[in-house]
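Below: one structure, written as structure tokens.
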Amino acid sequence: MEHLRQLEQLERQAELGGGEDRLKRQRDAGKLTARERIELLFDPGTFEEIDKLVTHRCRDFGMDQTLIPGDGVVAGHGRVDGRPVYEKAFGWADKEAGRKMTPDALFRIASQTKAITSTAILMLMEEGRLQLTEPVSKYLPTFAKTTVAVRGANGAVEIVPAKRAITIKDLLTHTAGISYGTNASVASAYEAKGLGPAAGYGWYTADKDEPVCETMDRLGTLPFVAQPGEAWVYGYNTDILGCVVERASGLALDEFVRKRVTEPLGMKDTRFFLVPEQRARLAEIGRAHV
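Under our numbering, the first residue of the sequence shown is numbered 57, with each subsequent residue one higher.
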């Protein structure tokens, strides 16, 4: 790793005296060209050090033991001239089946879907098809008069009207007061509507065969756990935004994401449900044995 230490020293010298101009002069003088920097990145010694580091961290988390039998990791760092600088898989894609992790393994991204759905909302905002200050009831009428569950001085739960309308901005920032319905004050009401405790920890709806807007319309009839804009509450906010995307765009959420986000970005493996030929690449979720 001596070459990397020399590189770091060179860059520190550039920062301390002359900044980028000094670094450029040093490169121009033949001390380190851009091509040499790329070649250093591909040096086998660099890869060996990365291998050791990732392997050590995997052991810290039990990934090469039986503690977490289904877990693994894929490490990568950029691309140069169309090829990855570094790409390697560690651990297991499916420990019980004896299937090791591979660089092309597929992972469940779970709540990272929120970033994709929020991107769709911002795209529609840029196109003038919705505004952040709009009430969500414009797209889901059941949200026109929402309610909030509060505990009184005697500990009893009381349902009161929301002080104001929930906006799209509230949903984007998780300040609408909407949880996943597992709070003690609302859990029984949510469970009766097939939400909250009836959906795993509230967020699992992949086994449902109803459209997202149908589920979210039903959600609007239930009490929330904080007044709009008064608290950060993690919950169904982005699920509601998924329905807003559908009703503002006229496309199903998965179709909008595919046509407007993932396909243009070349994200050919990112989708809500895998096609048959992708399923063998799906990494299984490990179960901790402690």
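All C-beta atoms, glycine included, are put in the ideal place defined by N, C-alpha and C.
Complete beta strand (DSSP E) runs within the stretch 150-217 (minimum length 3 residues, chain order): 203-207, 213-217
Contact check, I172 vs V313, beta carbons under 8 Å: yes
Buried/exposed call for G322, threshold 16 Cβ in 10 Å: exposed
Where L321 sits in the DSSP three-state scheme: In the structure shown, L321 adopts coil according to DSSP, grouped into three states.
Where G75 falls: helix, strand or coil (DSSP): The predicted model places G75 with a pLDDT of 48, which falls under 50 and marks its position as unreliable; any figure quoted below should be read in that light. If DSSP states are grouped into helix, strand and coil, G75 belongs with the helices.
For T169, the nearest candidate out of G291, F328, R335, Q334 (CA to CA): F328
Anticipated Cβ contact below 8 Å, A149 with A339, distance rounded: Going by Cβ atoms, the distance from A149 to A339 rounds to 4 Å, so yes, they are a contact pair.
C-beta contact flag for V43 and L307 at 8 Å: Because the chain here runs from 57 to 346, residue 43 falls outside it and cannot be looked at.
K249: first and last residue of the uninterrupted alpha helix (DSSP H) it sits in: Unbroken run through K249: none, as it is neither H nor E.
Cβ of G154 within 8 Å of any chain C Cβ: Looking for chain C here will not work: only one protein chain is present.
Collapsed DSSP secondary structure at E143 in the structure displayed: Reduced to three states, the DSSP call for E143 is strand.
With 16 other Cβ atoms within 10 Å as the buried cut-off, status of F280: buried
Neighbour-count burial assignment, G75, 16 or more Cβ in a 10 Å radius: Low per-residue confidence applies at G75: pLDDT is 48, beneath 50, and the placement is therefore not dependable, though the value from the model is reported in the following sentence. By the 10 Å Cβ count, G75 comes out exposed.
Cβ separation of A336 and L180, assumed to be a contact under 8 Å, to the nearest whole Å: Rounded, the Cβ-Cβ distance is 36 Å, inconsistent with contact.
Bridge partner(s) assigned by DSSP for T223: P191
For F103, three-class secondary structure by DSSP: Look at F103 here: in three-state DSSP terms it is helix.
Other residues of its chain near G208: CB distance less than 7 Å, five sequence neighbours each side excluded: Closer than 7 Å at the Cβ level, and outside the excluded window around G208, lie E214.
The ligand NAD heavy atom lying under 7 Å from the CB of Y292: As far as ligands go, the structure on display features none, and thus does not contain the ligand NAD.
Buried or exposed by the 16-neighbour rule on C-beta atoms within 10 Å, applied to K151: Flag for K151 reads buried.
Beta-carbon proximity of T111 to F163, cut-off 8 Å: Contact: no.
Whether G276 touches L196 by CB criterion (8 Å): yes
Other residues of its chain near D226: CB distance less than 7 Å, five sequence neighbours each side excluded: A232, P284, G285
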